[in-house]
Amino acid sequence: MMKNTRNLGRFPARSAALSLAVAMATQAIPTFAQDEEASATALEEVIVTGTKRDISQQDLPIAVSTITAAQLDKTFQNDVTELAQLSPNVTLTPQNGFNAIAGGMRGTGFISILVTKDPSVGLTVDEYAFNHVQSQFVEVFDIEQVEIFRGPQGTLFGKNTTGGAIAFTTIKPEVGGELAGKFEVNYGQYTSNDSDIEKFKFAVNVPLGDTLAARLSVIRDYSDGYWTNSKPMGGELGCFACSPGVPGGPTVDDIRSTYPTTGDGSNIGGKDVLAGKLKFRWEPNEWMAADLIFEYVDDDSETPATANDTPEGEGYIWPLIGFPGYQTQGISDPFITGQSYTQNSLINLNAGHQIDADGIYLNMEFDLGDYVVKAITGMRDQDEILASTYTGEAYTSLYDASRNTTRDTTQLELRVASQYEGPFNFVAGAAAYTDDLEFNVFASLGFFLPLAGANFYRDTFEVQYTTQERDTWAAYADGSFEVTDRLTLSGGLRYTHDDKNFVRQNLGTAANPVSNFITLDQSQGPFTNPLPESAFGNVQNNSETWTKTTFRVVADYKLTDDVMAYASFATGFVAGGFSETCGSASSCAAYDAEENENIEFGLKADLFDGTMRLNAAYFNTTYESLQRDTVVTIKDAAGNDFQETQAVNVGESTAQGIEIEMQWAVTDNMRIDGNLGWLDHEYDDYRPGI
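Encoded structure:
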């Protein structure tokens, strides 16, 4: 049995969280136009755009947190994960061992490294969807507004939004504006090892005539990391196949002298990211606008550190061969760990995690009086070479692997939104998406060295190869009708068609797993399949189609001009799929879509002449066909047990909670923001491994 790194799971829980922020400035916070009797400190009106129609936040019967650029500046948010402090029942956390973000809302969310796994929280940047957990990293720079929609958003955002959706809007070039720019420099040090933290942000607006403008924004994010590679081995090196137990085998001293067992004291886990966007905005007349965006990301960050917290006993392999967890060694510094020295053409830990992404996006809007037509197009390519060590030990490659992915995505959406002066308005559209990936893993199983005393497991590599092609299209409509001047009924419907073609190749056969290894001589590079398909002993080729109809119905009632109550029912789903870790026909079969239904009651109020904003919601959400990553035991053709990590459907659950948000402009120079979230999530039926 092996265990090493700290792992965070996704489990139902009962929790409550309170966040409170006080913003003080030498200038007054933004205000909107007021009568003489209105307070000079009234909060600004916030317009929400993520619903595909521009609506005031206080008139929108959805639980949504809207965070403006001014709020981000005043709260000194430097990391996207810190946005969770500004919205209740929202969790944003780094992926364990990877430079990516995992998102969760209202008790749902995935912390998963599976490249074929879909998220339960949707994320868009300038209306382009990032529909995969490994792609959901967005640095907070050059942001105009962030909108956090809580609860299923299956109608307007579509699939993979059972928890909610986060919509980022970046600052557009200002046509007719002036040549202007801004820059920000941050410097600090980690207290754990006095290593440097540096962040530089720059943006400039350039007018290019009366109808055209450009904007360049750049961020450079660098740090040395707050971990130190100096964890000692902590025990006597074990070797189950050494002399005299195995005649002619190596001695323990042979292995100990060949491979280092203590780190070199260097800082590890640092960050090195350069990203930028070049935007052009064209406004040839009063009724047309076009935005062309070029995106570039170069991430050469170090491999994230891991910590060995394996307990002694219980059959875990690391303590048995001389590598107990740090907590059993009396190490007082929690930021001391170990990192192996693996460096070759397939697994190069010195090169760290390399991510290169580029995208081109074109959004066009036509204001035709009673209707606004918008076309959203884009394409994004992302390449990843993620060399990682999974043990927290400096000893050579107890278990190292490089997970390499190329992912190409496209999006095309066309929609029309009405601007009637009457009681009825709507938005309707259609969208098409593609998401194609090629993924391989090269793994070095060095823990076999003390077990077998052979260099075979150091010089050869386990290889797995996966491809997936995905095509999705959807059509939707959503509208509202003002029954009276106080009562409004709203509703929407979306149909989604999702196709996936999945191919999984393993070199080894069930009866001969050792043939699952290749040598460096057989490899041609991290993104190259080293062997033809005919050389693979196990090839699984599966296709599946899912169709889902999601909808919502809402009633909202204005108790006064400044207080609105609403009730809603909405549905959502996380798409079904395949596990890229599968190794047999049964485990490579598709798992089903996860579905949920949400009942919600809410209240939105502007109080005390608009100086205080108080929003509250109660929700009750039921989930069916829950998706979970589970370690399951299966048998090979010879009847031997072995393990696989699979995404499976495990049962049903119910979540309920309360959310309260408050903003209070105390004076012209002081504002208090706070939020409270309470959550109770429990399984109604849980059957792991089914």
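So in our numbering, spot 633 of the sequence shown is number 880, and the numbers just go up one at a time.
All C-beta atoms, glycine included, are put in the ideal place defined by N, C-alpha and C.
None of these values were measured; they are calculated from a predicted model.
Quiz prompt | Nearest-angstrom Cα separation, counted from V750 out to S635 | solution = Here residue 635 corresponds to residue number 388 of the sequence shown, with the count starting at 1. Here residue 750 corresponds to residue number 503 of the sequence shown, with the count starting at 1. The alpha-carbon atoms of S635 and V750 are separated by roughly 24 Å.
Quiz item: Can you tell me whether DSSP reads E391 as helix, strand or coil?
Solution: Position 144 of the sequence shown holds residue 391. Strand.
Quiz item: In chain order, what residues of the same chain lie with their CB nearer than 6 Å to the CB of A536, ignoring the 5 residues before and after it?
Solution: Within the sequence shown, residue 536 is the residue found at index 289, counting from 1. So the list reads E530 and E612, once near-sequence residues are dropped.
Quiz item: Is it buried or exposed for E431, if we count other Cβ within 10 angstroms and need 16 for buried?
Solution: As a position in the sequence shown, residue 431 is number 184, starting the count at 1. Exposed is the call here.
Practice problem: Spatial neighbours of N687 within its chain, please: CB distance less than 6 Å, with the 5 preceding and 5 following residues excluded, ordered by chain position. | Solution: What you label residue 687 is simply residue 440 of the sequence shown in a count that begins at 1. Excluding positions up to five away in sequence, the list reads N651 and Y712.
Practice problem: Compare the C-beta of P571 against all C-beta atoms of chain C and say whether one is closer than 8 Å. | Solution: Looking for chain C here will not work: only one protein chain is present.
Quiz prompt | First through last residue of the alpha helix (DSSP H) which encompasses I961 | solution = The structure shown has nothing for residue 961, since the chain only spans 248 to 937.
Exercise. Can you tell me which of the three DSSP states E284 falls into?
Key: By 1-based counting over the sequence shown, the position of residue 284 is 37. Residue placement at E284 cannot be trusted, given a pLDDT of 44 that sits under 50; what the coordinates show is reported in the next sentence. Note: E284 maps to coil in three-state DSSP.
Self-check item: Bridge-paired residues (DSSP) for I210
Solution: Residue 210 lies beyond the stretch modelled for the chain, which goes from 248 to 937, so this question has no answer here.
Quiz item: Thinking just about the alpha-carbon of each residue, which of T338, K446, F673 and Y469 is nearest to the one in I395?
Solution: Your numbering for residue 395 matches position 148 in the sequence shown. Ranking T338, K446, F673 and Y469 by Cα distance to I395 puts T338 first.
Exercise. Could you check what DSSP says for L403 in three-state terms: helix, strand or coil?
Key: Locating residue 403 in the sequence shown gives position 156, where the first residue counts as 1. Coil.
Quiz item: For A275, which three-state DSSP category applies?
Solution: Within the sequence shown, the letter at position 28 stands for residue 275. Note on A275: pLDDT 36, under 50, position unreliable in the model; the coordinate value appears next. The answer is coil: DSSP assigns A275 none of H, G, I, E or B.
Practice problem: Find the nearest neighbour of R860 within the set G410, D920, E716 and N896, judged by alpha-carbon distance. | Solution: Residue mapping note: residue 860 aligns to position 613 of the sequence shown, counting from 1. The residue with the shortest Cα to Cα distance from R860 is D920.
Self-check item: A757 versus D365: straight-line alpha-carbon distance, rounded
Solution: What you label residue 757 is simply residue 510 of the sequence shown in a count that begins at 1. What you label residue 365 is simply residue 118 of the sequence shown in a count that begins at 1. Note that A757 has pLDDT 45, beneath the 50 cutoff, so the model's placement of it is unreliable and no number is given.
Quiz item: If you drop the 5 nearest sequence neighbours on each side, which residues of the same chain put their C-beta closer than 6 Å to that of G297?
Solution: To locate residue 297, count along the sequence shown from 1; it is residue 50. Contacts found: E394 and A414.
Quiz item: In its own chain, which residues sit with a C-beta less than 6 Å from the C-beta of P935, not counting the 5 before and 5 after it?
Solution: Taking the sequence shown and counting its residues from 1, the one referred to as residue 935 is at position 688. T877 and V897, listed in sequence order.
Practice problem: Give the DSSP-derived three-state secondary structure of Y933 in the structure shown. | Solution: Start at 1 with the first residue of the sequence shown, and residue 933 comes out as number 686. Strand, per DSSP.
Self-check item: Contact check, A510 vs A641, beta carbons under 8 Å
Solution: Locating residue 510 in the sequence shown gives position 263, where the first residue counts as 1. Locating residue 641 in the sequence shown gives position 394, where the first residue counts as 1. Per the sequence presented here, residue 510 reads as Gly, with Ala not at that position. Going by C-beta atoms, G510 is nearer than 8 Å to A641.
Quiz item: Beta carbon of I607, beta carbon of F541: below 8 Å?
Solution: Counting from 1 along the sequence shown, the entry for residue 607 is found at position 360. Counting from 1 along the sequence shown, the entry for residue 541 is found at position 294. Contact: yes.
Quiz item: What does V800 pair with, by DSSP beta-bridge criteria?
Solution: Numbered from its first residue, the sequence shown carries residue 800 at position 553. Answer is G738 and F816, bridged to V800.
Quiz item: Using the rule of at least 16 other Cβ atoms within 10 Å of the residue's Cβ for burial, across every protein chain shown, is S833 buried or exposed?
Solution: Along the sequence shown, one-based indexing puts residue 833 at 586. Answer is exposed; the Cβ neighbour count stays below 16.
Quiz item: CA-CA distance, Q342 and A552?
Solution: Taking the first residue of the sequence shown as position 1, residue 342 is located at position 95. Taking the first residue of the sequence shown as position 1, residue 552 is located at position 305. Distance between the alpha carbons of Q342 and A552 is about 12 Å.
Quiz item: Could you give the uninterrupted runs of the beta strand (DSSP E) lying entirely in the region 627-702, keeping only those of 3 residues or more?
Solution: 647-665 and 671-691
Self-check item: Cα-Cα separation, L361 to A450
Solution: Start at 1 with the first residue of the sequence shown, and residue 361 comes out as number 114. Start at 1 with the first residue of the sequence shown, and residue 450 comes out as number 203. The straight-line gap from Cα to Cα measures roughly 35 Å.
Quiz item: How would you label K406, buried or exposed, when you count the other beta carbons within 10 angstroms and need 16 or more for buried?
Solution: Taking the first residue of the sequence shown as position 1, residue 406 is located at position 159. K406 comes out buried.
Quiz item: Taking the continuous beta strand (DSSP E) assigned at A912, which residues delimit it?
Solution: Numbered from 1 along the sequence shown, position 665 holds the residue referred to as residue 912. Per DSSP, A912 belongs to the beta strand (DSSP E) from G898 to T914.
Quiz item: Quick one: what does DSSP say L923 is sitting in, helix, strand or coil?
Solution: Within the sequence shown, numbered from 1, the residue matching residue 923 stands at position 676. Here L923 sits in strand by DSSP.
Practice problem: Could you tell me the boundaries of the beta strand (DSSP E) in which V372 lies? | Solution: By one-based count along the sequence shown, residue 372 stands at place 125. Unbroken beta strand (DSSP E) run through V372: V368 to V372.
Quiz prompt | Nearest-angstrom beta carbon gap, Q305 and M811 [assumed within contact, 8 Å] | solution = For this step, residue 811 is matched to residue 564 along the sequence shown. For this step, residue 305 is matched to residue 58 along the sequence shown. Yes, they are in contact, since the Cβ atoms of M811 and Q305 sit about 7 Å apart, within 8 Å.
Self-check item: Nearest neighbour of K448, chosen from A864, D320 and T557 [CA to CA]
Solution: As a first step, residue 448 is located in the sequence shown; it is residue number 201 there, counting from the start. For K448, the nearest C-alpha among the options comes from D320.
Self-check item: C829 to Q890 span [Cα, whole Å]
Solution: Numbered from its first residue, the sequence shown carries residue 829 at position 582. Numbered from its first residue, the sequence shown carries residue 890 at position 643. About 10 Å.
Quiz item: Of the choices Y573, Q586 and S548, whose alpha-carbon is the least far from that of G512?
Solution: As a working mapping, residue 512 is identified with position 265 in the sequence shown. The option with the nearest alpha carbon to G512 is Q586.
Practice problem: Figure out for me which residue from N476, A840, S334 and F855 has the closest Cα to the Cα of S439. | Solution: Taking the first residue of the sequence shown as position 1, residue 439 is located at position 192. Comparing Cα-Cα distances from S439 to each of N476, A840, S334 and F855, the minimum goes to N476.
Exercise. Less than 8 Å between the CB atoms is what I'm expecting for D471 and D443, so what's the real figure, rounded?
Key: The residue labelled residue 471 in the question sits at position 224 within the sequence shown. The residue labelled residue 443 in the question sits at position 196 within the sequence shown. D471 to D443, Cβ: 5 Å. Contact.
Quiz prompt | Residues that F848 bridges to, as DSSP identifies them | solution = By 1-based counting over the sequence shown, the position of residue 848 is 601. Looking at the DSSP assignment, F848 forms a beta bridge with A814 and Y865.
Practice problem: Go ahead and pull the three-state DSSP assignment for V879. | Solution: Reading the sequence shown from its first residue, position 632 is the one you call residue 879. Strand at V879.
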